[in-house]
């Protein structure tokens, strides 16, 4: 919907109906339900000669038909700006707000009691995230060298009753710099340094600093592939002297391969030190390794498919728990009209945990309708 020259407003609506045979993702006291999700999205874009602005708002309203106490609405608001001052100087800005209620929370212990009882552990995780970031780039796009300087701040807060999850609330600030050198017409080598400071509000023992050094390559449309490969190491240093520092090899890889114009194979894999999102267990950090393989194919102008497999491993530090997570999904989308799509899908997820009570299996069957102008 064109509002003015270079200004466009796009509303869209997606409706999901799914059957989830373990919608809390738990090992015991498994519950199943039909769940309806209504997701309207409103996007406002403005394009200039050397600028781009975008404001987007989306809500996800879930109706859990077997447990209406779990009905919830999530909110997502993002703002982005891209400015090119001249051929050498560019700036990207972004800000976001999320307010989420998570039914299938990793903190499954938070749903340990009866809903009818007035205990502190009888509600889903409720949290909000406020973030802001900036990326400054120096160097012409076709130049031999280029430098990116980035900064991001994130604020995590929980809205659960009786101070549940307060130990997870934090402020995180990330600074990074990337130096690129062109080694071929469409390929650049890179070196990145990344620093993150985590400051917890009520659990000072988790205050820490992460330092990562990475090197690799990034390329565009070379031999039918596009991607970025970063390999290096990461170290986490805790302010609390009684907690051992943590270090690991680190990588971030994203590659798309298009053997044909209608098919895209994607690989995304990552290993890093993540913050612990489990409340009250004492784990200082988590070593996370994940790999996702995805295949998208357009069978015709109207029919497309998506197949994906994810493998994730999580090793908890200072806590006796290791998790192996596997997920497989298959989806078909049919374009009824230019503005109307329908889809069906299936997803299977399994978590194998060394901790008693943290393993689960889950099957999700999905039907969706998406409409947009």
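Numbering (my numbering), first residue to last: 827 to 1199.
No residue lacks a Cβ here, since even glycine has one placed at the ideal position from N, Cα and C.
Quiz item: What are the start and end residues of the beta strand (DSSP E) that includes residue 834?
Solution: By 1-based counting over the chain shown, the position of residue 834 is 8. Following the DSSP letters along the chain, one finds residue 834 inside the beta strand (DSSP E) bounded by residues 833-846.
Quiz item: Got a sec? Which residues, its chain only, sit under 7 Å from residue 966 by beta carbon, not counting five neighbours each side?
Solution: The residue given as residue 966 occupies position 140 in the chain shown. 913, 914.
Quiz item: For residue 891, does the three-state DSSP call read helix, strand or coil?
Solution: Residue mapping note: residue 891 aligns to position 65 of the chain shown, counting from 1. Correct three-state label for residue 891: coil.
Quiz item: To the nearest angstrom, how far is it from the Cα of residue 928 to the Cα of residue 1156?
Solution: For the purposes of this step, residue 928 is identified with residue 102 of the chain shown, where counting begins at 1. For the purposes of this step, residue 1156 is identified with residue 330 of the chain shown, where counting begins at 1. C-alpha of residue 928 to C-alpha of residue 1156: approximately 23 Å in a straight line.
Practice problem: Determine, using beta carbons only, whether residue 1085 and residue 1132 come nearer to each other than 8 Å. | Solution: The count along the chain shown starts at 1 and reaches residue 1085 at position 259. The count along the chain shown starts at 1 and reaches residue 1132 at position 306. With respect to the 8 Å criterion, residue 1085 and residue 1132 are not classified as neighbours on the basis of their beta carbons.
Practice problem: Taking residue 981 as part of the beta strand (DSSP E), name the residues at either end of that continuous run. | Solution: For the purposes of this step, residue 981 is identified with residue 155 of the chain shown, where counting begins at 1. Here the beta strand (DSSP E) through residue 981 covers 971-984.
Quiz item: Three-state secondary structure (DSSP) at residue 1032?
Solution: Within the chain shown, the letter at position 206 stands for residue 1032. Residue 1032 carries a helical assignment under DSSP once its states are collapsed to helix, strand and coil.
Quiz item: With 16 other CB atoms within 10 Å as the buried threshold, where does residue 939 fall?
Solution: For the purposes of this step, residue 939 is taken as residue 113 along the chain shown, with counting starting at 1. Confidence is the limiting factor: at residue 939 the pLDDT is only 42, short of 50, which leaves the residue's position unreliable, though a coordinate-based value still follows. Classification for residue 939: exposed.
Practice problem: Output the residue ranges of the beta strand (DSSP E) runs that lie fully inside the region 1046-1094 and measure 3 residues or longer, sorted by chain position. | Solution: Secondary structure in the region 1046-1094: the beta strand (DSSP E) runs of 3 residues or longer, each lying completely within the stretch, are 1051-1064, 1072-1086 in chain order.
Quiz prompt | residue 836 burial status per 10 Å Cβ neighbour count (16 or more: buried) | solution = Here residue 836 refers to the residue found at position 10 of the chain shown. By the neighbour-count criterion, in which 16 or more other beta carbons inside 10 Å mark a residue as buried, residue 836 falls on the exposed side.
Quiz prompt | Cut-off 6 Å between Cβ atoms - residues of its own chain near residue 1026, not counting five sequence neighbours on either side | solution = As a position in the chain shown, residue 1026 is number 200, starting the count at 1. So the list reads 996, 1032, 1033, once near-sequence residues are dropped.
Quiz item: With a Cβ-Cβ cutoff of 8 Å, do residue 872 and residue 921 count as a contact?
Solution: Position 46 of the chain shown, counted from the first residue, corresponds to residue 872. Position 95 of the chain shown, counted from the first residue, corresponds to residue 921. Contact: no.
Quiz item: If you count every other CB in all the chains shown that lies within 10 Å of the CB of residue 1113, and 16 or more means buried, which is it?
Solution: Stepping through the chain shown from its first residue, residue 1113 is reached at position 287. With 16 or more other Cβ atoms within 10 Å, it is buried.
Quiz item: CA-CA distance, residue 1069 and residue 1076?
Solution: Against the chain shown, residue 1069 aligns to sequence position 243. Against the chain shown, residue 1076 aligns to sequence position 250. The C-alpha of residue 1069 lies about 21 Å from the C-alpha of residue 1076.
Exercise. Compare the C-beta of residue 876 against all C-beta atoms of chain B and say whether one is closer than 8 Å.
Key: Here chain B cannot be found, since the structure has a single protein chain.
Quiz item: Can the beta-carbon of residue 1134 be found less than 8 Å from the beta-carbon of residue 1159?
Solution: The count along the chain shown starts at 1 and reaches residue 1134 at position 308. The count along the chain shown starts at 1 and reaches residue 1159 at position 333. Contact annotation: residue 1134 and residue 1159 have beta-carbon atoms that are not nearer than 8 Å.
Quiz item: Taking all protein chains shown into account, do 16 or more other C-beta atoms lie within 10 angstroms of the C-beta of residue 941, making it buried, or fewer, making it exposed?
Solution: The residue given as residue 941 occupies position 115 in the chain shown. Caution applies to residue 941, whose pLDDT of 41 falls short of 50 and renders its modelled position unreliable; the model cannot decide the point.
Self-check item: Distance between beta carbons of residue 1192 and residue 842, contact taken as under 8 Å
Solution: Looking up residue 842 in the chain shown gives position 16. Looking up residue 1192 in the chain shown gives position 366. So it is a contact: roughly 6 Å between Cβ atoms.
Quiz item: Nearest to residue 885 by alpha carbon, out of 1020, 903, 1046?
Solution: On the chain shown, residue 885 is found 59 positions in, with the first residue counted as 1. Distance from the Cα of residue 885 is smallest, within the candidate group 1020, 903, 1046, for 903.
Quiz prompt | Stretch pair the region 859-876 + the region 827-835: three plus CB contacts closer than 8 Å | solution = A contact exists between the region 859-876 and the region 827-835.
Exercise. Return yes when the Cβ of residue 1147 is within less than 8 Å of the Cβ of residue 1180, no when it is not.
Key: As a working note, residue 1180 is residue 354 in the chain shown. As a working note, residue 1147 is residue 321 in the chain shown. Residue 1147 is positioned such that its CB atom lies closer than 8 Å to that of residue 1180.
Quiz item: Helix, strand or coil: which one does DSSP assign to residue 1158?
Solution: In the chain shown, residue 1158 corresponds to position 332, counting from 1. Residue 1158: strand per DSSP, three-state reduction.
Exercise. Could you tell me if residue 987 is buried or exposed, where buried requires 16 or more neighbouring beta carbons within 10 angstroms of its beta carbon?
Key: As a working mapping, residue 987 is identified with position 161 in the chain shown. With fewer than 16 other Cβ atoms within 10 Å, it is exposed.
Quiz item: For residue 838, which residues from the same chain have a beta carbon less than 6 Å from its beta carbon, with the 5 sequence-adjacent residues on both sides left out?
Solution: Locating residue 838 in the chain shown gives position 12, counting from the first residue. Cβ neighbours of residue 838 beyond the five flanking positions: 867, 1198.
Quiz item: On the three-state DSSP scale, how would you describe residue 950?
Solution: What you label residue 950 is simply residue 124 of the chain shown in a count that begins at 1. Coil.
Quiz item: If you draw a straight line from the alpha carbon of residue 1005 to that of residue 1061, how long is it in whole angstroms?
Solution: Residue mapping note: residue 1005 aligns to position 179 of the chain shown, counting from 1. Residue mapping note: residue 1061 aligns to position 235 of the chain shown, counting from 1. Roughly 21 Å between the two C-alpha positions.
Exercise. Classify residue 1127 as buried or exposed, calling it buried when 16 or more other Cβ atoms lie within 10 Å of its own Cβ.
Key: Reading the chain shown from its first residue, position 301 is the one you call residue 1127. Residue 1127 counts as exposed, since fewer than 16 other C-beta atoms from the protein chains shown sit within 10 angstroms of its C-beta.
Practice problem: Leaving aside the five residues before and after residue 934 along the sequence, list all residues of the same chain whose C-beta is less than 6 Å from its C-beta, in chain order. | Solution: Reading the chain shown from its first residue, position 108 is the one you call residue 934. The pLDDT assigned to residue 934 is 40, lower than 50, so where the model puts this residue is not dependable, and the model offers no usable value.
Quiz prompt | Cut-off 6 Å between Cβ atoms - residues of its own chain near residue 944, not counting five sequence neighbours on either side | solution = Numbered from 1 along the chain shown, position 118 holds the residue referred to as residue 944. Unreliable positioning characterises residue 944 in this predicted model, as indicated by a pLDDT of 38, which lies under 50. A coordinate reading is not provided.
Quiz prompt | Rounded C-alpha distance that separates residue 1144 from residue 1010 | solution = Within the chain shown, the letter at position 318 stands for residue 1144. Within the chain shown, the letter at position 184 stands for residue 1010. A straight-line Cα-Cα distance of about 46 Å links residue 1144 and residue 1010.
Self-check item: Integer-rounded CB distance, given that residue 974 should sit under 8 Å from residue 1028
Solution: Here residue 1028 corresponds to residue number 202 of the chain shown, with the count starting at 1. Here residue 974 corresponds to residue number 148 of the chain shown, with the count starting at 1. With a Cβ gap of about 35 Å, residue 1028 and residue 974 do not count as contacting.
Practice problem: Let me know the secondary structure DSSP gives residue 1024 once reduced to three states. | Solution: Along the chain shown, one-based indexing puts residue 1024 at 198. In the structure shown, the three-state DSSP call for residue 1024 is strand.
Exercise. Have a look at residue 844 and residue 861 and give me their C-alpha separation to the nearest angstrom.
Key: What you label residue 844 is simply residue 18 of the chain shown in a count that begins at 1. What you label residue 861 is simply residue 35 of the chain shown in a count that begins at 1. Residue 861 has its alpha-carbon roughly 5 Å from the corresponding atom of residue 844.
Quiz item: For the candidate residues 1130, 979, 910, whose alpha-carbon lies nearest to that of residue 1087?
Solution: Looking up residue 1087 in the chain shown gives position 261. Selected option, being the one with the closest Cα: 1130.
Quiz item: Can you tell me the Cα-Cα spacing of residue 1024 and residue 1173, whole angstroms?
Solution: The residue given as residue 1024 occupies position 198 in the chain shown. The residue given as residue 1173 occupies position 347 in the chain shown. Going from the Cα of residue 1024 to the Cα of residue 1173 covers about 34 Å.
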